[in-house]
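A.B. asks: Residue 380 in our numbering sits at position 276 of the sequence shown; the count goes up by one each step and never skips.
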Amino acid sequence: MANINLLHLSDLHISDKRLSSTSKKLIDDIVSQIKDMSEVILVVSGDTVDKGEFEKYIKGIQLFFQSLKDSTGKKIKDVYFVPGNHDKVRSKSNELYGKYIQYERYEMTEEVWNLQSKNYTDYLNMVNVVKKIFNSKSRNTTCTFGVEYCETNGGIICIVKIDTSWATYGGKEESGKLIIGKYQFDKLRAQYSEIKDKLEEKGKELTITIGIGHHPVNWLQSSEEKKIKKYMIDEEYFNMNLYLCGHIHDMDVENWNNGYHSIMTLVTGIGWNHQDTSSNEKDKKDEHRYSLYIIDKEKNSCDIIMRRSQKNGKFVSDYSVYTNDEEKKDKLCYPLVMDNSRQPFINMNAPKGDFISSMFVDTYMINSIKKIQNQLVAFQKKAVELLMFYEREYVEEQKDLYESEEYLDVCLQLNDRFFKKDYANPRIDEIFSKEIKRIYRKFTGYLYDVLVNFVTLFQDCFPENTNIRAHFRWYNQDGDKYFRLCQYSNVDGEDGPNLSTIDWGGMIEQSYKIGSSLVYSVNQKYNNHKPVKWDDFLTAVPLFFKCEQEIRDASNRKRKRPMITFGISVLNEDKNKNISKCLYILEYLGISQLITSILDDFMRDFDVDYTQYLKYIDSEINQGE
């Protein structure tokens, strides 16, 4: 199924028989924005005319939509209208009646509706005139509200048209006082059910349901607002995906969610009388807005393109609803459906049985995931290159141990081991045994170089002015503790703040048990030492082959301990909390598993016995003391 494309106009306030300059630039911009779209559904959410003067400006309305049709060709497949407060033909009796309805909270009945509908005769005539311009396949509009559907780009859209304006009278304090009414609710629900049943009989189903109204729902009386939200979001009623409105002459995006279903409300609008030459209206030249929505049901996405005019009347991207500069792109992207099975959250690692923290995937996260993923690939590539360097270096070093003819044979044996992965050759054991300490020294150097590569590659993934330290610790059975093996920092290199010695337990134990990394900020209760010089850190236990050492505890019971740990500590001088998000992403993308693989490769190729390596480390430290 192709994308479903919606063009949302509102509050045009047409008040001339000619095209205003804003209208011309609006049409030009629409043409440029939809040039790559095959089909577009046009939605107009009220106040098409200014002050209900249809008789005076019907030619101007026709001219605008005819120009839009001529400029866009056959792209606009159909058009749907709802009335705004300016689309009513106002009278003194209508004003008195509207006040009575709002203040007395009078219920709409069919009789009341029939009386009010007389104010919309000119509006309905206008709607049908415009529908003819676009060769609309839908039936003539005889009511200001109702439910219709159309097929576009392989999908079926249901349009629920809601009249939020029938009880308006033009007062400045109408917010929170408007009524939809039981009569309208019941009619809309019945029509919606009828359409669903009709489609089901044909073996079809609705792709999306869109609600259209002139006013944001918070302009309704509280009981009415509560009711319409229930109707919109509940699967037993309208099961809407979007609600489009205008009136406030601004752009806004809001989500409602009941835990099972969500709905986006999208607000836009041109908003001003283009022919008004008063200074106040002239100053609003840069406040004209319209929007495009590109819906992909299969990807569960709704792309929102917001456009606004500048002082010169030309339309550009509207960034008014963005929260920060990093988000500013030509479109916003929201999930079309946000239910419990599709929540855009990343679950953090935690010990089994514990509460699992979740992290919302915002724009910063999406950009960071891409950047960190790319660096993980680069890190893995660097590790492969690093291992090959150590292997070639080791081959070269054998010249000091063997005569030239024997050296050639050794080279062949080692090349088969390192580059052809021949692990069954008994000759290799003999070669390695002659210089086992050299291999251990190389392994220590290799671990340090891994840290250097990590910090160098990932420092740009963290916010500016972030200090990063990566390290390895080794296990010492005496005291059941973990000591510094090597470390590297982007600030002090190897000579940074001394890596503390820590006891078995805490984050190391929990990371070992779950087989993955843990981040301190979401697992603080398990940490047995509070960081003093760092804002946050990640702990991982590489589970490579024979990574465990069996010991006996104070009760002479056998216990297992991982023999090496990996960690990342971060500190941001500007107190930027996004540093923790970067650690969460590293955890989510499997940094622990990658470190395990990198260590495994060296230990397998050089046949490193880690138990013996730890004894070597211990003896070297003791000799140093």
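Note that beta-carbon positions come from the ideal geometry of N, C-alpha and C, so glycine has one too.
Here the structure is a predicted model, which is why all the values come from computation and not from measurement.
1. Exposed or buried, F464, counting other C-beta atoms within 10 Å across all chains shown (16 or more means buried)?
2. For D407 and I352, I'd like the C-alpha separation in whole angstroms.
3. Taking Cβ to Cβ, would you say P455 is nearer than 8 Å to Y630?
4. To the nearest angstrom, how far is the alpha carbon of C254 from that of L310?
5. Hey, quick one: how far does the beta strand (DSSP E) through K410 stretch, first residue to last?
6. Going straight from the alpha carbon of S696 to that of Q479, what length do you get?
7. Looking only at its own chain, which residues have a Cβ that is under 6 Å from the Cβ of D429, when we skip the five neighbours before and after it?
8. Excluding the 5 residues preceding and the 5 following F566 in the sequence, name in chain order all residues of the same chain whose CB lies nearer than 7 Å to its CB.
9. Give the range of the alpha helix (DSSP H) segment to which L642 is assigned.
10. Between which two residues does the beta strand (DSSP E) carrying L675 extend?
11. Who are the Cβ neighbours of I312 in its own chain at under 8 Å, not counting the five residues just before and after it?
12. Nearest chain D C-beta to G164 closer than 8 Å, yes or no?
13. Contact between the stretch 587-594 and the stretch 508-517: three or more CB pairs below 8 Å?
14. Skipping 5 residues on each side, what residues in its chain have a beta carbon closer than 6 Å to that of T381?
15. Bridge partners for E652 per DSSP, in chain order?
16. Measuring CA to CA, which of W608, G609, Y592 is closest to P601?
17. Hey, how far is the Cα of E534 from the Cα of E652?
18. What ranges does the beta strand (DSSP E) occupy inside the stretch 270-354, keeping only unbroken runs of at least 3 residues that lie completely in it?
19. Leaving out five residues before and five after S405 in sequence, what residues of the same chain have Cβ atoms less than 7 Å from its Cβ?
20. Give the secondary structure of N109 by DSSP, where H, G and I count as helix, E and B as strand, and everything else as coil.
21. Evaluate contact between the stretch 696-715 and the stretch 484-499, counting only Cβ atoms and requiring at least three cross-stretch pairs below 8 Å.
22. Along the chain, where does the alpha helix (DSSP H) that runs through Q628 open and close?
23. Cα-Cα, which of G671, E654, L555 is closest to S604?
24. Looking at the secondary structure, which residues open and close the alpha helix (DSSP H) in which I134 lies?
25. Taking the alpha-carbon positions, what's the V371 to S297 distance?
26. In the DSSP output, what is S149 paired with across the bridge?
27. Just the Cα atoms here: how many angstroms apart are H378 and S326?
28. Check for me: the alpha helix (DSSP H) holding S701 runs from which residue to which?
29. Assuming D151 and H190 are in contact, meaning their beta carbons sit under 8 Å apart, how far apart are those beta carbons, in whole angstroms?
30. What residues in its chain sit with their C-beta under 7 Å from that of F169, if we drop five residues either side in the sequence?
31. In angstroms with no decimal places, state the Cα-to-Cα distance between Y720 and Y544.
32. Taking all protein chains shown into account, decide if D678 is buried (16 or more other Cβ within 10 angstroms of its Cβ) or exposed.
33. Buried or exposed: where does I470 fall if 16 or more other Cβ atoms within 10 Å of its Cβ makes it buried?
34. Can you give the Cα-Cα distance for Q137 and D174, rounded to whole angstroms?
35. So, at 8 Å on beta carbons, what are the nonlocal neighbours of K291 in its own chain, with the 5 sequence-adjacent residues on each side left out?
36. Count the C-beta pairs between the stretch 127-144 and the stretch 175-182 that are closer than 8 Å, then say yes if the count reaches three, no if not.
C.D. replies: The answer reads as follows:
1. exposed
2. 22 Å
3. yes
4. 10 Å
5. At residue 410 the sequence reads Met, which differs from the Lys that was named. Run containing M410: 405-413, per the beta strand (DSSP E) assignment.
6. 15 Å
7. With a pLDDT of 49 at D429, under the threshold of 50, the modelled position of that residue is not reliable, and no figure is offered here.
8. I572, V674, I683, C686
9. Segment 640-644 is the beta strand (DSSP E) holding L642; no alpha helix (DSSP H) there.
10. 668-676
11. I108, G259, I261, C262, N345, L346, I399, K401, L440
12. Given the protein chain composition of this structure (a single chain), no chain D is represented.
13. no
14. Residue placement at T381 is flagged as unreliable, the pLDDT there being 46, under the threshold of 50; the coordinate-derived value follows with that caveat. Hits under 6 Å: none found.
15. P666
16. Y592
17. 26 Å
18. 312-316, 346-349
19. C437, P439, L440
20. strand
21. yes
22. That residue, Q628, is in no alpha helix (DSSP H); it is neither H nor E in DSSP.
23. G671
24. 125-137
25. 27 Å
26. V186
27. With a pLDDT of only 46 at H378, under the threshold of 50, the placement of this residue in the model should not be trusted, and no figure is reported.
28. 695-709
29. 4 Å
30. V234, I237
31. 8 Å
32. exposed
33. exposed
34. 16 Å
35. F249, G250
36. yes
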